[in-house]
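Before any comments, here is the structure.
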Amino acid sequence: MIVTTRYGQVMGSVDDGVAVWKGVPYAAPPVGELRLRAPREPAPWPGVRDATAFGHIAPQTEQGPLPIDPGLTIGEDCLTLNVWSPEGAANLPVMVWIHGGAYFLGSSAQRMYDGRKLVTEGQVVLVTVNYRLGALGFLDFSKFGDFDSNLGLRDQVAALEWVRDNIAEFGGDPSQVTLFGESAGGGSVTTLMVSPAAEGLFHRVIAESSPATSVYGAARAESIAERFLELAGVDASKLRGLPVSEFVRVCGELVQEIPAKVPGTLALAPVVDRDFVPHYPVAAFQKGLAHPVPLLIGTNHDESSMFKLMKSPLMPITPDKVHEMFQAIAADHPDMRADEEIEVEAAYPEHSKKRTALEISRDAAFRMPTLWIAEAHSRRARTFLYRFDQATPFLRITRLGAMHGTEVPYVFGNFGVVPKDPTFKLGGHRTALEVSTRVQRRWIDFAYGRDPWTPYGEESRTTLLIDKHDQEVEDPDRELRRAWGEEILGFT
Numbered sequence: 001m002i003v004t005t006r007y008g009q010v011m012g013s014v015d016d017g018v019a020v021w022k023g024v025p026y027a028a029p030p031v032g033e034l035r036l037r038a039p040r041e042p043a044p045w046p047g048v049r050d051a052t053a054f055g056h057i058a059p060q061t062e063q064g065p066l067p068i069d070p071g072l073t074i075g076e077d078c079l080t081l082n083v084w085s086p087e088g089a090a091n092l093p094v095m096v097w098i099h100g101g102a103y104f105l106g107s108s109a110q111r112m113y114d115g116r117k118l119v120t121e122g123q124v125v126l127v128t129v130n131y132r133l134g135a136l137g138f139l140d141f142s143k144f145g146d147f148d149s150n151l152g153l154r155d156q157v158a159a160l161e162w163v164r165d166n167i168a169e170f171g172g173d174p175s176q177v178t179l180f181g182e183s184a185g186g187g188s189v190t191t192l193m194v195s196p197a198a199e200g201l202f203h204r205v206i207a208e209s210s211p212a213t214s215v216y217g218a219a220r221a222e223s224i225a226e227r228f229l230e231l232a233g234v235d236a237s238k239l240r241g242l243p244v245s246e247f248v249r250v251c252g253e254l255v256q257e258i259p260a261k262v263p264g265t266l267a268l269a270p271v272v273d274r275d276f277v278p279h280y281p282v283a284a285f286q287k288g289l290a291h292p293v294p295l296l297i298g299t300n301h302d303e304s305s306m307f308k309l310m311k312s313p314l315m316p317i318t319p320d321k322v323h324e325m326f327q328a329i330a331a332d333h334p335d336m337r338a339d340e341e342i343e344v345e346a347a348y349p350e351h352s353k354k355r356t357a358l359e360i361s362r363d364a365a366f367r368m369p370t371l372w373i374a375e376a377h378s379r380r381a382r383t384f385l386y387r388f389d390q391a392t393p394f395l396r397i398t399r400l401g402a403m404h405g406t407e408v409p410y411v412f413g414n415f416g417v418v419p420k421d422p423t424f425k426l427g428g429h430r431t432a433l434e435v436s437t438r439v440q441r442r443w444i445d446f447a448y449g450r451d452p453w454t455p456y457g458e459e460s461r462t463t464l465l466i467d468k469h470d471q472e473v474e475d476p477d478r479e480l481r482r483a484w485g486e487e488i489l490g491f492t
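Here the sequence shown is numbered in full-length UniProt numbering, starting from 1 and rising by one per residue.
See below:
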């Protein structure tokens, strides 16, 4: 199927009633003089461009925890997107997916993000986006030369501008765009909600497991960029000639080193540059500065267990590391109460110290930022809060539970795409399909502008608990809110 975009024609494929276009450029290749610069429009191309295969995925380690499917290639020329649309579609709501991966891993080509089931079930147009990752996308070298900040986020905005200008040709309605993402993708979308550059480019937002407080100030960002230059053994003038493999190698060192030194922090994250991101996102929500669009937001019941399973340094999951995290937060917030850590720990009275550490880490990184955002945004626009509790028998018996990211296959309806996935080793597939059907219906209802469940408000604080049987519960996080308080606890 051939479609005409502003930059040229693209030929996709049609299979079982779904039209798919892959690897469509939304920006010029960020190479040469455009490396570490804001994205530019792609050059028009002659003739018909083949769009039946995914484009390059952003530079990243090939030995990471997210397997790279056979046939995919890694390359700096990675600013492409993919479109799934029901054959013959016209004026359908559009859902734009921002993948996760801690800002240094992942791609839109992961099999879990195949859009056929979501598009068929929901009668929506789905767009999945590649954006720059790692040091090329989320380190801020702007203090060291002619470089731009927040490059990965700027890429996402460029993709949204492409959607605005082109998606009608693919059967989508550019006035009904839902931006959604998970983990780093969730953090991206909550950050874009407070970015002036993104205003008007989306009309609804779904944030799954957003690490919304993992957005740091310019001074911290500058110090990490400086550390990159030390580890790479170059000065900033050599960055445009540095091999991509060096960016990936040094990024891998930083990903390990930074959270080891300051537990609870990331090496790579959006930056409050006072321009593209003018304010810390959670604080901006509390001040009523976020774009007033409807928001569906939530977390998983056992976010941190995945990081324990993978022995990942990205979250502090031992009592000692959690204590170090609180000490570091206190150093960033001199006015913080001296007994804050003790009061927070008191909210987890029934667990061992190890289990308490996991839950404190989960709530510091994901649940509390989500609650702070939901509380604030509900005063400004319709807000819907959830907690994903669903776990298969295998995940429950191994005490992994509803780990970080386990809701994603329920959203897309794609199970069993990860090699050697033991998730259904002890059964539970039928229940998972039933839960997936409900999750998809709620997400799609939201994309159509319908209430997926009772909105969150400061009086009832209605929260949807997603499990084998969904429940709407009033204020299930009451004790957490009392323990952590309204003051944002995060790093600056």
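Ideal Cβ placement from N, Cα and C applies to all residues, glycine included. Note that the structure is a prediction, hence the values are computed from the model and not measured.
A contact is defined here as three or more CB-CB pairs under 8 Å, and the stretch 207-216 meets this definition with respect to the stretch 294-308. Taking a cut-off of 8 Å on C-beta distances, the stretch 58-72 touches the stretch 109-117, as three or more cross pairs fall below it. Runs of the beta strand (DSSP E) spanning 3 or more residues and lying entirely within the stretch 65-113 occur at 80-86 and 92-98, in chain order.
Just measuring C-alpha positions, the residue of Pro-259, Ala-260, Phe-228 and Lys-261 sitting nearest Val-248 is Phe-228.
Residues Val-272 and Thr-492 of the same chain have their beta carbon placed closer than 7 Å to that of Gly-217, with the five preceding and five following residues left out of the count. In the DSSP secondary-structure assignment, Trp-21 is bridged to Val-83.
A residue is called buried when at least 16 other Cβ atoms come within 10 angstroms of its Cβ; Glu-375 meets this threshold and is buried.
Between Trp-484 and Met-325, the C-beta gap is not smaller than 9 Å, which leaves the two residues out of contact. Excluding five sequence positions before and after Tyr-348, the CB atoms of its chain that fall closer than 6 Å to its own CB belong to Thr-356 and Glu-359, given in chain order.
For the pair Ser-195 and Pro-278, the CB atoms are nearer than the 9 Å cut-off. About 5 Å separates the Cβ atoms of Asn-130 and Thr-80, confirming a contact at the 8 Å cut-off. In the DSSP assignment, Glu-257 falls within the alpha helix (DSSP H) that extends over 244-261. Between the C-alpha atoms of Ala-232 and Ala-225 there is a straight-line separation of about 11 Å. If you check the CB distance, Pro-270 and Ser-214 come in under 9 Å.
Nearest to Thr-5 by C-alpha distance, out of Ala-27, Gly-17, Val-18 and Val-14, is Ala-27. The bridge partners DSSP lists for Gln-123 come to none.
The C-beta distance from Leu-92 to Gly-172 rounds to 6 Å, short enough to meet the 8 Å contact threshold. Contact between Val-96 and Leu-179 is confirmed by a C-beta separation of about 5 Å, below the 8 Å threshold. In the three-state DSSP reduction, Leu-36 falls in the coil class, being neither helix nor strand. Around the beta carbon of Gln-60, a 10 Å sphere encloses 16 or more other beta carbons of the protein chains shown; the residue is thus reported as buried. Secondary structure note for Ala-207: its beta strand (DSSP E) is the uninterrupted segment 204-208.
In this structure His-56 touches Ile-74 by the C-beta definition: roughly 6 Å separates them, less than 8 Å. A straight-line Cα-Cα distance of about 29 Å links Asp-50 and Val-408. Separation of Leu-242 and Arg-37 (C-alpha to C-alpha, rounded to the nearest whole angstrom) is 15 Å. In this structure Ser-237 is exposed. Its beta-carbon is surrounded by fewer than 16 other beta-carbon atoms within 10 angstroms.
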